[in-house]
Structures are given as C-alpha cells and as structure tokens.
Amino acid sequence: MIRFGILGLGNIAHRFARSAQLNPNVTIEMVASSSQAKGEAFCQKYGIRHYTQDYTQLMDHPAIDAVYIAVPHGRHAALVEQCLHRHKAVLCEKPLGLNAAEVSHLMQVAACEQVFLMEAVKGYFLPARDQLKEVLKQGAIGTPFYLEANFDSVVPYQKGKYLFEKGQGGALLDVGIYPLSFALDMFEGDPVVAQSKLVMSQGIDTYFQALLNFAGGQSCLLEGSIDRARPRVALIQGTQGTLEIPYYYRCQEFTVTSKGQSQKYESSWHGDDMSGEIQEVVSCLQAGLLESRLHPLCQSLKLAQLLDDIRTKAVCFDVG
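Residue numbers are given in the UniProt record's numbering: position 99 of the sequence shown equals residue 99, and the series is strictly consecutive.
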C-alpha cells in the first residue's frame with residue numbers, strides 16, 4: 001500500500017483523490033491546505049483522516065510514503081525539493097519547474113537523496129497512447145513526417161488566480177506541456193524550435209505557437225491558449241495516410257485514414273485519465289525505482305528546455 005499526502009487542494013487535487021480511490025494499492029493519509037474550511041471539506045468528501053495547514057507537518061509525517069504536489073506552478077520546485085530532502089517520493093503536477101534550471105536542480109537533488117520523483121503528465125500513461133504508437137510502428141500511415149497538436153480553451157480572468165500572474169501563469173506553462181509532450185512521445189530525438197510566437201496580455205502569454213524540427217526530418221506545429229477555443233486534437237501525417245487523435249492528452253480513440261479507407265481504434269482507461277500516472281508511481285515504488293520508465297526525468301528536462309527555447313525565440317505580440 002502506497003500512502004499519499006496531498007499539498008494543495010485545488011481542482012486537480014480533487015481529480016487526483018477520485019482517481020486514487022480507484023486504486024486498491026493507494027490510500028490518502030493526509031492533506032495540507034492554507035484554508036482550514038477547504039481542508040476539512042476535502043477530508044470529509046474523500047474520507048481522509050488527517051488535515052493540516054502546515055505543509056512541513058505533512059512532509060514530516062511518518063505515515064506518508066509519497067507526496068502529490070498540486071499547488072500553483074511557482075511553488076512546485078521549492079516544495080518538491082523539501083519533500084525530497086525528507087525522503088518522500090514525489091508526484092508533482094506539471095510543470096515540474098518554471099524553467100530548465102529548476103528541473104535540472106530537482107533532478108540532482110532526487111539523485112543525491114535517492115528518492116523517487118515524477119512529473120504528472122498523464123498522456124504518457126494512457127492505454128490508447130501505447131496502442132497509437134504500436135499502430136504507427138506497424139506502418140499504418142507509412143513514415144510519419146508532420147504533426148499538429150493544440151490545447152486551446154477560454155479561461156475567464158480571475159484576479160489573484162495563479163494562471164494570470166506574471167512569472168508562473170500563462171498558456172505556455174499551463175497547457176503547453178500537453179502538445180509538447182505528445183510531440184516528444186511520437187518523434188524521437190531532440191527537436192529544435194524553428195520559430196515561435198506569443199500573444200501577451202497584462203504580462204502573461206494568452207496564446208503560443210511553436211514550430212519544431214526534429215533531426216529525423218519530422219516537423220511539428222503546436223499551439224495552446226487560454227483566450228480562444230477550438231477542438232483539441234492532434235493530427236499526424238505520414239507518407240501513406242493520416243492519423244487523427246481527438247483529445248490526444250487523454251485519448252480513448254483515434255482514426256487512421258489510408259488509401260481512402262478509415263479505421264477507428266478505441267481503448268478505454270483503466271479507471272479514469274489520471275489512473276495510469278498514479279499506478280505508475282505505485283509500480284515504480286514497489287519495484288524500488290527512482291524514476292518513471294514511461295516518463296523519465298530526462299524527458300521532463302527536455303520539456304522544460306523546450307519551454308525555455310520557445311520563450312527565448314518567440315516573436316511577441318502585446319495586446320494590452
């Protein structure tokens with residue numbers, strides 16, 4: 001049994017708790033939040049025995065094996081490091097750090113302390129993702145050479161919400177990892193950011209677009225936003241057909257079209273869309289591993305480096 005503690009009780013923490021309840025090898029021992037009312041309500045809803053307003057009390061609790069970090073982005077790195085120094089395994093919501101320097105430092109701390117660390121990017125752990133990669137490997141669309149993926153949504157402005165705070169907010173940090181991680185999972189090698197652009201408003205990026213080129217000749221056009229909506233889909237083009245994946249970051253189906261014929265593939269989650277990442281933590285800890293086999297820390301660093309490069313190379317359009 002893996003005993004979790006949760007730091008931060010926002011919406012994603014509720015989703016984690018629901019998913020954790022579906023896993024017979026997981027229990028949530030304690031949660032921590034600065035809001036007593038929120039903490040008590042969370043415990044009552046999910047049958048959790050212990051609540052604290054003191055994050056360090058949770059980290060130091062002897063009954064905690066692993067900590068799920070679900071606080072705003074800007075606090076991830078510091079809390080991850082504190083947990084690692086206390087020899088608590090960590091599952092941290094994406095992004096693991098605000099930049100590559102933070103991620104690299106956390107990797108060094110985890111290695112030094114010999115403690116498990118994983119970034120929560122659920123797409124890597126979906127059954128349909130494995131099926132998708134196998135279909136590509138079998139040559140269903142020939143040789144893949146181009147990929148498009150987006151994560152666009154409209155998020156109403158909320159004063160004080162981390163998503164709208166300079167430094168830790170914006171579309172790139174919040175949703176950029178979805179299309180970027182998908183591209184890295186589909187094409188091998190280290191991509192180069194050929195060009196990128198950011199639409200800025202009140203100090204944060206509300207839209208990003210990036211063109212990546214891979215050493216193998218493949219290219220990717222990726223975008224994300226918090227100021228516009230369109231269907232979230234990925235498209236992979238090959239020399240003999242196309243592959244369309246609706247909701248690729250939590251997919252349960254995809255369609256292959258080749259030579260005028262289409263075939264739909266379906267694959268259900270084992271639980272829900274977060275169950276896979278939770279089970280990966282359980283499996284790794286039971287096996288004595290220090291990082292995920294499906295989403296290793298070098299991949300988290302590569303994602304962070306891409307985020308840095310997109311920001312550095314971006315043409316910025318400030319709309320006020």
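Beta carbons: idealized from backbone N, C-alpha and C, even for Gly.
Bear in mind the structure is a predicted one, so any value in this text is a computation, not a measurement.
By the DSSP assignment, the alpha helix (DSSP H) with H76 in it spans what residues?
Within the sequence shown, numbered from 1, the residue matching residue 76 stands at position 76. Start and end: H76 to H85.
Alpha carbon of G170 to alpha carbon of I226, nearest angstrom:
Counted from its first residue, the sequence shown places residue 170 at position 170. Counted from its first residue, the sequence shown places residue 226 at position 226. One C-alpha to the other measures close to 8 Å.
Going by CA-CA distance only, name the one from C43, L294, Y146 and I2 that's closest to L222.
Locating residue 222 in the sequence shown gives position 222, counting from the first residue. Of the listed residues, the one whose Cα sits closest to L222 is Y146.
Mind checking which residues open and close the alpha helix (DSSP H) that includes T312?
For the purposes of this step, residue 312 is identified with residue 312 of the sequence shown, where counting begins at 1. Its alpha helix (DSSP H) spans residues L297 to K313.
Can you have a look at E277 and say buried or exposed, based on whether 16 or more other CB atoms are within 10 angstroms of its CB?
Reading the sequence shown from its first residue, position 277 is the one you call residue 277. A residue is called buried when at least 16 other Cβ atoms come within 10 angstroms of its Cβ; E277 meets this threshold and is buried.
Assuming V319 and V199 form a contact by the criterion Cβ under 8 Å, report the distance between their Cβ atoms to the nearest whole angstrom.
For the purposes of this step, residue 319 is taken as the residue at position 319 of the sequence shown. For the purposes of this step, residue 199 is taken as the residue at position 199 of the sequence shown. Indeed they touch by this definition, with Cβ atoms about 6 Å apart.
Would you give the residue range spanned by the alpha helix (DSSP H) that D174 belongs to?
Indexing the sequence shown from 1 puts residue 174 at position 174. It spans A171 to V175 - the alpha helix (DSSP H) in which D174 sits, taken as one unbroken run.
Exposed unless 16 or more other CB atoms sit within 10 angstroms - verdict on F208:
If you number the sequence shown from 1, residue 208 lands on position 208. Burial call: buried.
Do you know offhand how far A100's Cα is from L301's?
Taking the sequence shown and counting its residues from 1, the one referred to as residue 100 is at position 100. Taking the sequence shown and counting its residues from 1, the one referred to as residue 301 is at position 301. A straight line joining the alpha-carbon of A100 with that of L301 spans about 6 Å.
Considering only the alpha carbon of each residue, which of R311, L9 and E253 lies closest to T52?
Within the sequence shown, numbered from 1, the residue matching residue 52 stands at position 52. Of the candidates R311, L9 and E253, the one whose C-alpha sits nearest the C-alpha of T52 is L9.
I'd like the list of long-range same chain contacts for residue 322, defined as Cβ closer than 7 Å, with 5 residues on each side in sequence excluded.
Nothing about residue 322 can be read from this structure; the chain reaches only from 1 to 320.
E253 versus S267: straight-line alpha-carbon distance, rounded
By one-based count along the sequence shown, residue 253 stands at place 253. By one-based count along the sequence shown, residue 267 stands at place 267. The alpha-carbon atoms of E253 and S267 are separated by roughly 6 Å.
Does the ligand FMN have even one heavy atom less than 7 Å from the beta-carbon of F116?
The ligand FMN is not part of this structure, which contains no ligands at all.
Other residues of its chain near S262: CB distance less than 8 Å, five sequence neighbours each side excluded:
One-based indexing of the sequence shown puts residue 262 at position 262. Scanning its chain for C-beta atoms nearer than 8 Å, with the 5 sequence neighbours on each side dropped, one finds around S262 the residues T255 and V256, in chain order.
Might you give, ordered along the chain, the residues of its own chain that have their beta carbon closer than 8 Å to the beta carbon of K122, omitting 5 neighbours on each side?
Within the sequence shown, numbered from 1, the residue matching residue 122 stands at position 122. Hits under 8 Å: Y249, R250, D273, M274, G276 and E277.
K161 - DSSP class collapsed to helix/strand/coil:
Here residue 161 is taken as the residue at index 161 of the sequence shown, counted from 1. It is coil, neither helix nor strand.
What ranges does the alpha helix (DSSP H) occupy inside the region 81-137, keeping only unbroken runs of at least 4 residues that lie completely in it?
100-113 and 127-137
Mind checking which residues open and close the beta strand (DSSP E) that includes E253?
Position 253 of the sequence shown, counted from the start, is the residue given in the question as residue 253. Taken as a continuous stretch (DSSP letters only), the beta strand (DSSP E) holding E253 covers E253 to S258.
What first and last residue would you give for the alpha helix (DSSP H) that runs through F42?
Here the question's residue 42 lines up with position 42 in the sequence shown. Segment Q36 to Y46, the alpha helix (DSSP H) holding F42.
For G241, which three-state DSSP category applies?
Taking the first residue of the sequence shown as position 1, residue 241 is located at position 241. Strand at G241.
Distance, Cα to Cα, P191 vs G47?
Here residue 191 is taken as the residue at index 191 of the sequence shown, counted from 1. Here residue 47 is taken as the residue at index 47 of the sequence shown, counted from 1. Distance between P191 and G47, taken at the CA atoms: about 45 Å.
Where does P156 fall in DSSP's three states?
Position 156 of the sequence shown, counted from the first residue, corresponds to residue 156. Coil.
Between the Cα of P179 and the Cα atoms of F4, P246, G39 and Y265, which residue gives the shortest distance?
Looking up residue 179 in the sequence shown gives position 179. Selected option, being the one with the closest Cα: P246.
Consult DSSP for F187 and reduce its assignment to one of helix, strand or coil.
For the purposes of this step, residue 187 is taken as the residue at position 187 of the sequence shown. It is coil, neither helix nor strand.
Whole angstroms is fine: what's the gap from E148's alpha carbon to L211's?
Walking along the sequence shown from the start, residue 148 turns up at place 148. Walking along the sequence shown from the start, residue 211 turns up at place 211. Taking the straight line from one Cα to the other gives about 9 Å.
Between V103 and A66, how many whole angstroms is the CB-CB distance? I'm expecting something under 8 Å.
Within the sequence shown, numbered from 1, the residue matching residue 103 stands at position 103. Within the sequence shown, numbered from 1, the residue matching residue 66 stands at position 66. At roughly 19 Å, the Cβ-Cβ gap does not stay under 8 Å, so V103 and A66 are not in contact.
Taking all protein chains shown into account, do 16 or more other C-beta atoms lie within 10 angstroms of the C-beta of P24, making it buried, or fewer, making it exposed?
As a working mapping, residue 24 is identified with position 24 in the sequence shown. Answer is exposed; the Cβ neighbour count stays below 16.
Contact check, I285 vs F164, beta carbons under 8 Å:
For the purposes of this step, residue 285 is taken as the residue at position 285 of the sequence shown. For the purposes of this step, residue 164 is taken as the residue at position 164 of the sequence shown. The amino acid at residue 285 is misidentified as Ile; the sequence shows Leu. Taking 8 Å as the Cβ cut-off, L285 and F164 do not qualify as a contacting pair.
Exposed or buried, what is H270 when buried is set at 16 or more other beta-carbons lying within 10 Å of its beta-carbon?
Position 270 of the sequence shown, counted from the first residue, corresponds to residue 270. Counting Cβ neighbours within 10 Å, H270 comes out exposed, since fewer than 16 surround it.
Host alpha helix (DSSP H) of F16 (start-end):
As a working note, residue 16 is residue 16 in the sequence shown. First-last of the alpha helix (DSSP H) with F16: N11 to A20.
Alpha carbon of I69 to alpha carbon of G260, nearest angstrom
Here residue 69 refers to the residue found at position 69 when the sequence shown is read from its first residue. Here residue 260 refers to the residue found at position 260 when the sequence shown is read from its first residue. Rounded to the nearest angstrom, the two C-alpha atoms are 47 Å apart.
Limits of the unbroken alpha helix (DSSP H) element including E280
Taking the sequence shown and counting its residues from 1, one reaches residue 280 at position 280. Segment S275 to A287, the alpha helix (DSSP H) holding E280.
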